[in-house]
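Read top to bottom, the protein sequences are chains S and U. Each residue of the first sequence is one higher than the one before, counting from 27 in my numbering. Each residue of the second sequence is one higher than the one before, counting from 27 in my numbering. The beta-carbon is built from N, C-alpha and C at its ideal position, and this holds for glycine as well. Down below is the structure, laid out as structure tokens.
Number of protein chains: 2
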Amino acid sequence: MELKLAFIGFGNVARGFARILKDHQLQLATKYGLRWRTTGIATANHGCIVSTDGIDLLDAVACVERGENLSELPRSLSVSDPLSAVDSCNADILFETTPLNIADGEPATTHIRKALARGIHVITANKGPIAFAYSELKSLAETRGLSFRFEGTVMDGAPVFNLFEYCLPGVRVLGFSGVLNSTTNHLLSAAARGVAFADALAEAQRLGIAEADPRNDLEGHDAAAKATILANVLMDADLVPEDVTLEPIDERAAQAARAAAGNGDRVRPIIEIARRGTGVVASFGPRRLGPLDPLYAVDDFSMGLVYDTDLAGRVAVQLHDPHVDQVAYAILTDLLEISATMPRP
Amino acid sequence: MELKLAFIGFGNVARGFARILKDHQLQLATKYGLRWRTTGIATANHGCIVSTDGIDLLDAVACVERGENLSELPRSLSVSDPLSAVDSCNADILFETTPLNIADGEPATTHIRKALARGIHVITANKGPIAFAYSELKSLAETRGLSFRFEGTVMDGAPVFNLFEYCLPGVRVLGFSGVLNSTTNHLLSAAARGVAFADALAEAQRLGIAEADPRNDLEGHDAAAKATILANVLMDADLVPEDVTLEPIDERAAQAARAAAGNGDRVRPIIEIARRGTGVVASFGPRRLGPLDPLYAVDDFSMGLVYDTDLAGRVAVQLHDPHVDQVAYAILTDLLEISATMPRP
Numbered sequence: 027m028e029l030k031l032a033f034i035g036f037g038n039v040a041r042g043f044a045r046i047l048k049d050h051q052l053q054l055a056t057k058y059g060l061r062w063r064t065t066g067i068a069t070a071n072h073g074c075i076v077s078t079d080g081i082d083l084l085d086a087v088a089c090v091e092r093g094e095n096l097s098e099l100p101r102s103l104s105v106s107d108p109l110s111a112v113d114s115c116n117a118d119i120l121f122e123t124t125p126l127n128i129a130d131g132e133p134a135t136t137h138i139r140k141a142l143a144r145g146i147h148v149i150t151a152n153k154g155p156i157a158f159a160y161s162e163l164k165s166l167a168e169t170r171g172l173s174f175r176f177e178g179t180v181m182d183g184a185p186v187f188n189l190f191e192y193c194l195p196g197v198r199v200l201g202f203s204g205v206l207n208s209t210t211n212h213l214l215s216a217a218a219r220g221v222a223f224a225d226a227l228a229e230a231q232r233l234g235i236a237e238a239d240p241r242n243d244l245e246g247h248d249a250a251a252k253a254t255i256l257a258n259v260l261m262d263a264d265l266v267p268e269d270v271t272l273e274p275i276d277e278r279a280a281q282a283a284r285a286a287a288g289n290g291d292r293v294r295p296i297i298e299i300a301r302r303g304t305g306v307v308a309s310f311g312p313r314r315l316g317p318l319d320p321l322y323a324v325d326d327f328s329m330g331l332v333y334d335t336d337l338a339g340r341v342a343v344q345l346h347d348p349h350v351d352q353v354a355y356a357i358l359t360d361l362l363e364i365s366a367t368m369p370r371p
Numbered sequence: 027m028e029l030k031l032a033f034i035g036f037g038n039v040a041r042g043f044a045r046i047l048k049d050h051q052l053q054l055a056t057k058y059g060l061r062w063r064t065t066g067i068a069t070a071n072h073g074c075i076v077s078t079d080g081i082d083l084l085d086a087v088a089c090v091e092r093g094e095n096l097s098e099l100p101r102s103l104s105v106s107d108p109l110s111a112v113d114s115c116n117a118d119i120l121f122e123t124t125p126l127n128i129a130d131g132e133p134a135t136t137h138i139r140k141a142l143a144r145g146i147h148v149i150t151a152n153k154g155p156i157a158f159a160y161s162e163l164k165s166l167a168e169t170r171g172l173s174f175r176f177e178g179t180v181m182d183g184a185p186v187f188n189l190f191e192y193c194l195p196g197v198r199v200l201g202f203s204g205v206l207n208s209t210t211n212h213l214l215s216a217a218a219r220g221v222a223f224a225d226a227l228a229e230a231q232r233l234g235i236a237e238a239d240p241r242n243d244l245e246g247h248d249a250a251a252k253a254t255i256l257a258n259v260l261m262d263a264d265l266v267p268e269d270v271t272l273e274p275i276d277e278r279a280a281q282a283a284r285a286a287a288g289n290g291d292r293v294r295p296i297i298e299i300a301r302r303g304t305g306v307v308a309s310f311g312p313r314r315l316g317p318l319d320p321l322y323a324v325d326d327f328s329m330g331l332v333y334d335t336d337l338a339g340r341v342a343v344q345l346h347d348p349h350v351d352q353v354a355y356a357i358l359t360d361l362l363e364i365s366a367t368m369p370r371p
């Protein structure tokens with residue numbers, strides 16, 4: 027069976043995923059019976075197209091990377107916007123990878139809601155819809171018998187939700203601690219090496235690691251979205267990002283990081299989630315760790331998450347030295363999960 | 027549907043598992059539809075019994091812990107030995123948890139072979155059969171359409187094989203490094219704290235952490251079995267434990283551990299597995315690690331494994347401060363996997 031795939035958002039992550047799909051096309055077909063055709067791509071700055079015959083993914087990647095409009099591609103039809111693309115792409119699976127909107131998760135949530143309403147399985151790497159609308163979207167997907175997967179939203183391609191679903195059956199998560207925002211972890215790691223905070227931030231912005239407006243990372247909004255997702259999906263909480271107590275990663279935290287390094291410790295940007303009474307509380311801020319802490323060695327762009335559980339004890343997962351392709355890999359794992367549950371000829 | 031369960035070996039791990047089954051009986055029935063009856067228990071020193079009506083697991087635990095013979099239990103029939111129990115228990119699933127025989131994996135391999143030949147699914151926490159006879163037993167199970175699972179053989183209840191199978195689809199493992207023998211890791215951790223090697227070993231023996239004959243741990247035979255399992259199961263190698271290059275954890279390694287600790291480093295007992303040419307090579311021995319190494323914080327009885335992969339990057343899994351119940355939990359995850367694939371009424 028051939029799966030019809032559509033993309034909303036065609037940035038670094040989606041294009042990295044497209045390259046994995048093409049590079050491993052034969053292996054994925056042989057080992058997983060995965061055959062696919064691309065029937066829609068919608069972007070903010072490079073047009074929106076649909077195609078019955080199928081869009082050549084590598085041509086689309088090259089087109090966008092040359093800065094051209096996707097309407098240049100053969101055998102494709104331009105449509106006005108992403109929602110029109112969802113309406114007319116006739117896809118089995120939609121990949122939503124538009125940028126995070128930390129204020130309300132839109133328009134990604136609307137894209138996903140529309141796709142599910144049309145009977146399309148959804149995979150997203152966008153934290154917004156999960157942080158703001160998880161329970162609504164989950165229940166919409168369940169009602170329609172559709173898959174709704176988002177492994178890439180927390181810790182790139184390292185397993186977080188799949189780990190819980192497939193490797194920790196029967197456990198109750200008591201809490202989490204994690205280093206999940208790699209921009210601030212990089213800045214505090216640079217501070218530990220003696221780099222001035224303003225210099226490290228400027229350099230990170232120059233390299234595209236930190237955004238021009240770095241507040242989502244520094245003030246903890248990105249971390250709050252991730253903490254909300256973990257709490258709601260894996261601890262049955264009902265938080266919104268505003269519920270997460272935030273302390274900023276700033277000049278003062280950087281000074282603390284430098285001082286800690288002088289004593290062999292590290293200051294890292296830590297998410298903590300715990301059960302309290304009948305509820306769940308979450309926080310984010312700079313925390314000082316000794317070398318025997320599981321998150322001490324999670325340096326620079328690495329990420330790590332510690333699950334405190336009843337039956338399985340304290341299980342830690344880390345991803346060391348990741349690059350963008352690791353989010354793309356997370357999308358592939360979601361695709362293989364969905365593909366495995368679909369009827370075979 | 028009610029699953030008929032049988033045990034060969036009823037030591038700490040099996041009894042811990044029995045307690046989890048009883049403590050979580052309602053939750054397992056409600057959430058996973060898991061209903062079960064125990065139809066056989068075979069031990070080396072407390073007799074071997076089978077029962078059509080079902081053996082009360084907690085009564086059996088109490089009986090063994092009082093040092094009595096299982097034949098004291100009501101509605102049970104004594105049989106002569108474990109193989110007779112396999113023949114007459116009429117079980118759906120057998121739990122093999124006899125102690126490791128590092129020389130050849132027997133008699134556990136024979137127990138498992140017999141159970142599979144009789145159409146019984148097998149779950150084991152015993153490294154021997156996997157290190158010495160994985161490919162034979164796997165192929166026997168596949169031929170008969172049976173499950174053969176062994177999550178507890180490496181790193182207790184932390185996911186190793188399930189992680190690969192369910193969370194890292196499509197990846198090729200390039201190599202492993204790991205701290206997987208907690209007895210030697212404890213001894214080197216004690217050395218780092220300034221405890222003399224002989225004293226730490228004697229204390230560990232007194233507490234039952236190290237065996238009276240500690241050579242399996244110190245000379246690396248336990249680690250070699252685990253390295254062989256990882257290489258053969260997850261890297262398609264064809265090693266035997268003798269192929270693993272071993273350096274002992276001894277007085278000299280302990281001195282190195284103490285010296286390293288003085289400089290902020292740690293010496294840990296490290297398994298390394300790598301692809302070389304068309305084959306796979308494996309080694310075990312004391313290695314010095316800096317604080318930013320993913321295995322540095324894997325202290326004392328903790329364990330950790332780093333997967334080097336093509337698509338998913340460098341993924342680390344750790345289990346901090348485990349206790350015996352974590353192996354029991356691994357057996358539960360295997361049971362839930364098998365239960366999920368069995369036909370429902």
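Answer with yes or no whether the minimum CB distance from residue i to chain S is below 8 Å.
{"i": "residue 290 (chain U)", "result": "yes"}
{"i": "residue 59 (chain U)", "result": "no"}
{"i": "residue 295 (chain U)", "result": "no"}
{"i": "residue 348 (chain U)", "result": "yes"}
{"i": "residue 341 (chain U)", "result": "yes"}
{"i": "residue 89 (chain U)", "result": "no"}
{"i": "residue 84 (chain U)", "result": "no"}
{"i": "residue 192 (chain U)", "result": "yes"}
{"i": "residue 355 (chain U)", "result": "yes"}
{"i": "residue 207 (chain U)", "result": "no"}
{"i": "residue 147 (chain U)", "result": "no"}
{"i": "residue 211 (chain U)", "result": "no"}
Under the DSSP definition of a beta bridge, which residues are partnered with residue i?
{"i": "residue 294 (chain S)", "result": "S:313"}
{"i": "residue 368 (chain U)", "result": "Note: residue 368 (chain U) sits in no beta bridge, so no partner."}
{"i": "residue 74 (chain U)", "result": "U:68"}
{"i": "residue 174 (chain S)", "result": "S:148"}
{"i": "residue 299 (chain S)", "result": "S:202, S:308"}
{"i": "residue 329 (chain U)", "result": "U:345"}
{"i": "residue 235 (chain S)", "result": "Paired residues: none, contrary to the question."}
If you count every other CB in all the chains shown that lies within 10 Å of the CB of residue i, and 16 or more means buried, which is it?
{"i": "residue 277 (chain U)", "result": "exposed"}
{"i": "residue 349 (chain S)", "result": "exposed"}
{"i": "residue 19 (chain S)", "result": "With chain S represented from 27 up to 371, any question about residue 19 (chain S) goes unanswered, as that position is not in the structure."}
{"i": "residue 100 (chain S)", "result": "exposed"}
{"i": "residue 94 (chain S)", "result": "exposed"}
{"i": "residue 258 (chain U)", "result": "buried"}
{"i": "residue 61 (chain S)", "result": "exposed"}
{"i": "residue 130 (chain U)", "result": "exposed"}
{"i": "residue 239 (chain S)", "result": "exposed"}
Does any C-beta atom of chain U lie closer than 8 Å to the C-beta of residue i?
{"i": "residue 46 (chain S)", "result": "yes"}
{"i": "residue 319 (chain S)", "result": "yes"}
{"i": "residue 65 (chain S)", "result": "no"}
{"i": "residue 333 (chain S)", "result": "no"}
{"i": "residue 338 (chain S)", "result": "yes"}
{"i": "residue 367 (chain S)", "result": "no"}
{"i": "residue 220 (chain S)", "result": "no"}
{"i": "residue 323 (chain S)", "result": "yes"}
{"i": "residue 384 (chain S)", "result": "Nothing about residue 384 (chain S) can be reported from this structure: the residues present for chain S run from 27 to 371 only."}
{"i": "residue 38 (chain S)", "result": "no"}
{"i": "residue 80 (chain S)", "result": "no"}
{"i": "residue 246 (chain S)", "result": "no"}
Pop quiz: residue i and residue j are said to be a contact at Cβ under 8 Å. What is the actual Cβ separation, rounded to whole angstroms?
{"i": "residue 43 (chain S)", "j": "residue 67 (chain S)", "result": "Going by Cβ atoms, the distance from residue 43 (chain S) to residue 67 (chain S) rounds to 12 Å, so no, they are not a contact pair."}
{"i": "residue 334 (chain U)", "j": "residue 340 (chain U)", "result": "6 Å"}
{"i": "residue 51 (chain S)", "j": "residue 342 (chain U)", "result": "Contact doesn't hold; Cβ gap of about 30 Å is too wide."}
{"i": "residue 267 (chain U)", "j": "residue 245 (chain U)", "result": "That pair is no contact at about 11 Å."}
If you reduce the DSSP assignment to three classes, tell me which class residue i lands in.
{"i": "residue 288 (chain S)", "result": "helix"}
{"i": "residue 179 (chain S)", "result": "helix"}
{"i": "residue 334 (chain S)", "result": "strand"}
{"i": "residue 104 (chain S)", "result": "strand"}
{"i": "residue 278 (chain S)", "result": "helix"}
{"i": "residue 32 (chain S)", "result": "strand"}
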